[in-house]
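In what follows, a single structure is set out as structure tokens and then discussed.
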Amino acid sequence: MAHIELRDLTKIFATDGVETTALRGVTLEIRAGEFGAVVGPSGSGKSTLFHCLGGLLRPTSGSIKIAGEEITAIPPHRLAEFRLRAVGFVFQSYNLITVLTALENVEYVMLLQGVPPEERRARAEALLRKVGLADYLHRRPNAMSGGQQQRVAVARGVAAEPKLILADEPTANLDSKTGAALMDLMRELNREKNMTFLFATHDTMVMERASRIIKLRDGQVDEAT
584 MAHIELRDLT KIFATDGVET TALRGVTLEI RAGEFGAVVG PSGSGKSTLF
634 HCLGGLLRPT SGSIKIAGEE ITAIPPHRLA EFRLRAVGFV FQSYNLITVL
684 TALENVEYVM LLQGVPPEER RARAEALLRK VGLADYLHRR PNAMSGGQQQ
734 RVAVARGVAA EPKLILADEP TANLDSKTGA ALMDLMRELN REKNMTFLFA
784 THDTMVMERA SRIIKLRDGQ VDEAT
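Numbering of the sequence shown is given in this note's numbering, commencing with residue 584 and proceeding in unit increments.
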């Protein structure tokens, strides 16, 4: 059974009366536990596709089902709840909360979910140790390197154990060694937890580690292997 089902997904942006079609009838299935890379030139629709999958954008037409739930039918006021329980995000720009420590950043989603303090603290500490940041629990983002911040972002993305992780260019700001280590870590989490990972990427190293490559061009699926 497919974990993600896209049917005829279209997204049109209108700016000053000018329409731009970012996605053109995308139909695609992703099985649970896949470790897939979505690739294509800039402007091919990768980020728009991810924003629709994560409930950050509503498509113009078509449908998205995640674990059998039709998210395009979820009312706007309930989309934040859907994201909180179902999707983890890892952004190129980290998007950490600067006034919180690494530990507090990783705890934050679990706090919103109502996980008891002792449990969320223990889970956050275990994840930060797993990503090699045992000595940085109480550091704030501005006292950490880019690679360290991205590892915090990965730990935060998986902390609530969502079934889907969307990672938009997660290695773009990292050196090759740090990027490879981060990908290996996410692959390990994918295998341990059966989490579905999708990466929007231009990085050949990410593509080499992916179990599936999905190529977008001009807002359409050009090839899915």
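Just so it is clear, CB atoms sit at the ideal spot from N, CA and C, and this is done for glycine as well. As the structure is a prediction and not an experimental result, all values here were calculated from the model.
By a C-beta neighbour count over all protein chains shown, 10 Å radius and 16 as the cutoff for buried, is residue i buried or exposed?
i: I680; result: exposed
i: Q732; result: buried
i: L694; result: exposed
i: A736; result: buried
i: E806; result: exposed
i: M584; result: Low local confidence applies: a pLDDT of 48 at M584 is under 50, so the model's placement there is unreliable, with the coordinate-based value given in what follows. M584 is exposed by the Cβ-count criterion.
i: G651; result: exposed
Nearest to residue i by CA position, among the options, is which residue?
i: L662; options: S625, H634, G802 and K776; result: H634
i: K746; options: Y719, L781 and R722; result: L781
i: V714; options: P724, L772, L632 and R666; result: L772
i: E744; options: A717, A763 and V698; result: V698
i: S644; options: R668, T604, V673 and E612; result: T604
i: V609; options: G623, Y691 and K594; result: K594
Residue range of the beta strand (DSSP E) that residue i falls in?
i: G608; result: V601 to R614
Just to confirm, are residue i and residue j a CB contact at a threshold of 8 Å?
i: S627; j: R800; result: yes
i: V670; j: L749; result: yes
i: V621; j: L632; result: yes
i: L639; j: I797; result: no
i: F665; j: I654; result: yes
Are there any heavy atoms of the ligand MG lying less than 7 Å away from the beta-carbon of residue i, as far as the coordinates show?
i: T761; result: Judged by which ligands are present, the structure shown has none, so any question about the ligand MG falls away.
For the alpha helix (DSSP H) containing residue i, list its first residue and its last residue.
i: R774; result: S759 to K776
i: V741; result: G729 to A742
**Study point:** Touching by the beta-carbon criterion (3+ pairs, under 8 Å), the segment 706-716 and the segment 675-692
**Key:** Touching, yes.
Exercise for review: Answer yes if the segment 748-755 comes into contact with the segment 782-797, meaning at least three C-beta pairs across the two stretches below 8 Å, and no otherwise.
Suggested key: Yes: at least three Cβ pairs fall under 8 Å.
Review point. Between the segment 768-781 and the segment 591-601, do at least 3 Cβ pairs fall closer than 8 Å?
Key: The count of Cβ pairs closer than 8 Å, one atom from the segment 768-781 and one from the segment 591-601, stays below three, leaving the stretches out of contact.
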